[in-house]
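K.L.:
Quick note: the sequence shown uses this note's numbering, first residue 1431, plus one each step. All C-beta atoms in this analysis are idealised placements derived from N, C-alpha and C, irrespective of residue type, glycine included.
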Amino acid sequence: MKISYKVPLLASIVILVGFSILTFVLYTVERDSLYETVTKSALESSQAVSNQVTGWLEKKLALIDLMSGYIAEDYSVEKIQEVMANPLLKNEFSLIFGCLEEDGKPLSNSSSWFPGETWDGRKRSWYLQGQKSVYAVFTPPYVDSATGRLLLSAVGRIEDKTAFKGVFGGDIESSTVARVVNSINFNKKGYVFLLDKNGAVISHPTESFNGKTITTIFPNIAKPAVKKKFIDATFQGKDMLVKFIPVKLQKRDTDWLIAVVLNKGKILKEADQVKSIAIIATILSTLAASLVLYFTMANLLLNPLKEFAEATKQISLGKLSTKIKNTERNDEVGLLSKNFNGFIEKLQAIISEVKNGTVSLASSSSHLTNVSDSLSEVAGQAAEQATSVASATKEMSQNFHNIAAAMEQSSTGVATVATASEEMTSTIDEISAQTSRAKEISGKAVARFSKTKEKMDVLGQAASEISTVTEVITQISGQTDLLALNATIEAARAGETGKGFAVVASEIKELAKQTAEATIDIKNKISEVQSTTDSTLVDMSDIRGVVQEVNGIILTIASAIEQQTGAALEISSNSAQLATGITEINGSISQSSVMVNEIAGDANKMSTAASDVHKNGRTVATSARELQELAGRLQKLVSHFTV
């Protein structure tokens, strides 16, 4: 999903969640406030109804008490009929009735009411209730046997100063009570009704419930209980709130209660409307905020981001000449654009320096390859020369053995010189020939040692040049490593945008590291070559001295041989001198043989050293070629970028 969709979507979700929480809080506060207001208003109205009903009932009972007092002064039938005919009673009661204790016969203000000859009012419950009460009281609701209507009666006792005389009362129809009690509907959100403490309904807005129990209306309420708060109830599947308020009469107890019933759904309907409006407002606000945020982001952020994406794409293709606009802006986008362009400029400089460094590295590695090849060739030639010297010294040693053998023969011949002069002359001639040959071989050895020394000097010079080249390569690899470090730092500053350059910088740094390691290895090899060359030059100088000394000895031998040849004719007379000369010659030959063996050993050492130089030269050549390949890879890598 694109960021142009992600950010508005995320913002919409945040706004939606925020508005939803706000809506929920407002709804909860509004609901609780509305609930508190309605219930408080209902309680106040119910209390007013209770007071109104109480006053209305008190008025009824006060009339009964008043009339009972009139009758008590003269409780004759005529007086009772006169009181019952009072218009005030007719307006308050549908029927005025009573009976006296002395006969129990019915008395009323209506000629149509006559319960029969056998009727005895003293056995009626209303009579017994009035008889027991000091003040007028209400009877429980009952159904009139004649009319079938639900009635309740206010009854009071008739008495004089000495005794109880009878009961006097009046009927009140439940519809009359209903007109008073049911006049309040709490703006059509509920109603009230009258019942007693046992749950019997006295007056209900629905007349079919009159005379029924509270359980018929609210199944979860078995018996009414007076509590401070409303209780939850269910009526025909609807949630209701019910509270019972006692009806308190002065000077008398009553079992009546006023039930306040509120429709919970209607109470919270206004809160639900507020919730619906808040939800619609939340959705519209979220949509509007999302659209505004989308277009704002498109102009201020998304378009610059697209430009950044295209620029980084071009840079990933190696086009470092790419630039970002929006540098004139004074916000974060402008600052980012300036920093990005600055980063690209620094990267261009780094790549340029790396390119130049790779060219120098390639040139130096090529020169190093040529020098190492020359070194290997010279070392090979030196090894061949050393081998030739070793062969010559071996041949010289053999000749000295031959000379020694001849001198042994000469020594033996001295004893028989008189008889073997001709044989001695022949032996001296052979010694002269062998001496000339040894002289010639030693001369060749001296000449070859001179040539070998010249080549070893060239080898030492080449090693010095290689050492100079390795120093240059070490400096280039150090600069390359520093440039790679700078590129890594700049890529880190660029953050996400510079990740690609960080990878390139890491590869350049690794190549620089490999170059430095290869250069160090080459430098070590060159040091070994130089050390071996110096040692070889010293050994060759020693060998040359020995060869020259041998050559001198050979010359001495040749001179002695000439003397022996010249004195051959005087052998007989100078045999003692000849024996001494032969002894000296044998000593010189032994010494020459030892020196020749030393020359052979030194020549072998020189051959081994030259072989080591040749081998190290090949190693240097291999390392130089690897360095050249490394420079080629580095050059190919940086050629990807166009500055």
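#1: Identify whether residue 1939 lies in helix, strand or coil by the three-state DSSP scheme.
#2: With H, G and I counted as helix, E and B as strand and the rest as coil, what does DSSP make of residue 1664?
#3: For residue 1695, report the span of its alpha helix (DSSP H) as first-last.
#4: Is it the case that the Cβ atoms of residue 1537 and residue 1505 are separated by a distance below 8 Å?
#5: Using 8 Å as the cut-off, can you tell me whether the stretch 1648–1667 makes contact with the stretch 1439–1455, which would need three or more C-beta pairs spanning the two stretches below that distance?
#6: I want to know whether the stretch 1684–1699 touches the stretch 1491–1502 - three or more CB-CB distances under 8 Å.
#7: At what residue ranges does the stretch 1565–1623 contain a whole run of the beta strand (DSSP E), taking only runs of 3 or more?
#8: Taking 7 Å as the limit between beta carbons, can you name the residues of its chain near residue 1523, skipping five residues before and five after?
#9: Among residues of its own chain, excluding the 5 on either side of residue 1525, which ones have a beta-carbon nearer than 8 Å to its beta-carbon?
#10: Check whether the Cβ atoms of residue 1709 and residue 1690 lie closer than 8 Å to each other.
#11: Can you find at least 3 beta carbon pairs, one from the stretch 1477–1488 and one from the stretch 1664–1684, that sit closer than 8 Å?
#12: With distances taken Cα to Cα, identify the nearest neighbour of residue 1878 among 1817, 2031, 1906, 1757.
#13: Could you give the C-beta distance for residue 1811 and residue 1885, rounded to a whole number, given that I count them as a contact under 8 Å?
#14: Give me the Cβ distance between residue 1567 and residue 1561, rounded to the nearest whole Å; I'm assuming they're in contact under 8 Å.
#15: From residue 2062 to residue 1807, what does the alpha carbon distance come to, in whole angstroms?
#16: Using a 10 Å radius around the Cβ and a threshold of 16 neighbouring Cβ atoms, would you call residue 1591 buried or exposed?
#17: Residue 1517 by DSSP, collapsed to three states: which one?
#18: When the distance is taken between beta carbons, is residue 1580 closer than 8 Å to residue 1640?
#19: Keeping to the same chain, check which residues put their C-beta closer than 6 Å to that of residue 2064; ignore five residues upstream and five downstream.
#20: Is DSSP giving residue 1625 helix, strand or coil here?
#21: If you measure between the beta carbons of residue 1911 and residue 1939, is that distance less than 8 Å?
#22: Assuming contact is defined by CB atoms lying nearer than 8 Å, are residue 1692 and residue 1717 in contact in what I supplied?
#23: What first and last residue would you give for the beta strand (DSSP E) that runs through residue 1528?
#24: In three-state DSSP terms, what is residue 2131?
#25: From residue 1613 to residue 1521, what does the alpha carbon distance come to, in whole angstroms?
#26: Helix, strand or coil: how does DSSP classify residue 1674 here?
#27: Would DSSP call residue 1669 helix, strand or coil?
#28: Would you list the residues sitting across from residue 1630 in a DSSP beta bridge?
P.N.:
On the basis of the supplied data:
#1: Position 509 of the sequence shown, counted from the start, is the residue given in the question as residue 1939. Helix.
#2: Against the sequence shown, residue 1664 aligns to sequence position 234. Strand.
#3: Residue mapping note: residue 1695 aligns to position 265 of the sequence shown, counting from 1. 1694–1697 is the extent of the alpha helix (DSSP H) around residue 1695.
#4: For the purposes of this step, residue 1537 is taken as the residue at position 107 of the sequence shown. For the purposes of this step, residue 1505 is taken as the residue at position 75 of the sequence shown. The answer is no: Cβ separation not under 8 Å.
#5: no
#6: no
#7: 1580–1589, 1594–1603
#8: By one-based count along the sequence shown, residue 1523 stands at place 93. Correct list, in chain order: 1600, 1601, 1602.
#9: On the sequence shown, position 95 is the one that residue 1525 refers to. The residues are 1538, 1539, 1540, 1543, 1600, 1601.
#10: Residue 1709 sits at position 279 when you count from the first residue of the sequence shown. Residue 1690 sits at position 260 when you count from the first residue of the sequence shown. The answer is no: Cβ separation not under 8 Å.
#11: yes
#12: If you number the sequence shown from 1, residue 1878 lands on position 448. Out of 1817, 2031, 1906, 1757, 1817 has the C-alpha closest to the C-alpha of residue 1878.
#13: Within the sequence shown, residue 1811 is the residue found at index 381, counting from 1. Within the sequence shown, residue 1885 is the residue found at index 455, counting from 1. Contact holds; Cβ gap of about 6 Å.
#14: Position 137 of the sequence shown, counted from the start, is the residue given in the question as residue 1567. Position 131 of the sequence shown, counted from the start, is the residue given in the question as residue 1561. Rounded, the Cβ-Cβ distance is 11 Å, inconsistent with contact.
#15: Within the sequence shown, residue 2062 is the residue found at index 632, counting from 1. Within the sequence shown, residue 1807 is the residue found at index 377, counting from 1. Spanning the two alpha carbons is a distance of roughly 26 Å.
#16: Counting from 1 along the sequence shown, the entry for residue 1591 is found at position 161. When all chains shown are included, residue 1591 counts as exposed.
#17: Residue 1517 sits at position 87 when you count from the first residue of the sequence shown. If DSSP states are grouped into helix, strand and coil, residue 1517 belongs with the helices.
#18: Counted from its first residue, the sequence shown places residue 1640 at position 210. Counted from its first residue, the sequence shown places residue 1580 at position 150. The answer is yes: Cβ separation under 8 Å.
#19: For the purposes of this step, residue 2064 is identified with residue 634 of the sequence shown, where counting begins at 1. So the qualifying residues of the chain are 1788, 1941.
#20: If you number the sequence shown from 1, residue 1625 lands on position 195. In this structure, residue 1625 counts as strand in the three-state DSSP scheme.
#21: By one-based count along the sequence shown, residue 1911 stands at place 481. By one-based count along the sequence shown, residue 1939 stands at place 509. Yes.
#22: Position 262 of the sequence shown, counted from the first residue, corresponds to residue 1692. Position 287 of the sequence shown, counted from the first residue, corresponds to residue 1717. Result no, Cβ atoms of residue 1692 and residue 1717 do not sit closer than 8 Å.
#23: On the sequence shown, position 98 is the one that residue 1528 refers to. Its beta strand (DSSP E) spans residues 1525–1530.
#24: Past the boundaries of the shown model lies residue 2131; the chain is included only from 1431 to 2073, so the question cannot be answered.
#25: Here residue 1613 is taken as the residue at index 183 of the sequence shown, counted from 1. Here residue 1521 is taken as the residue at index 91 of the sequence shown, counted from 1. The alpha-carbon atoms of residue 1613 and residue 1521 are separated by roughly 20 Å.
#26: Taking the sequence shown and counting its residues from 1, the one referred to as residue 1674 is at position 244. Strand, per DSSP.
#27: For the purposes of this step, residue 1669 is identified with residue 239 of the sequence shown, where counting begins at 1. In this structure, residue 1669 counts as strand in the three-state DSSP scheme.
#28: Your numbering for residue 1630 matches position 200 in the sequence shown. DSSP, once it has assigned bridges, lists 1643 as partnering residue 1630.
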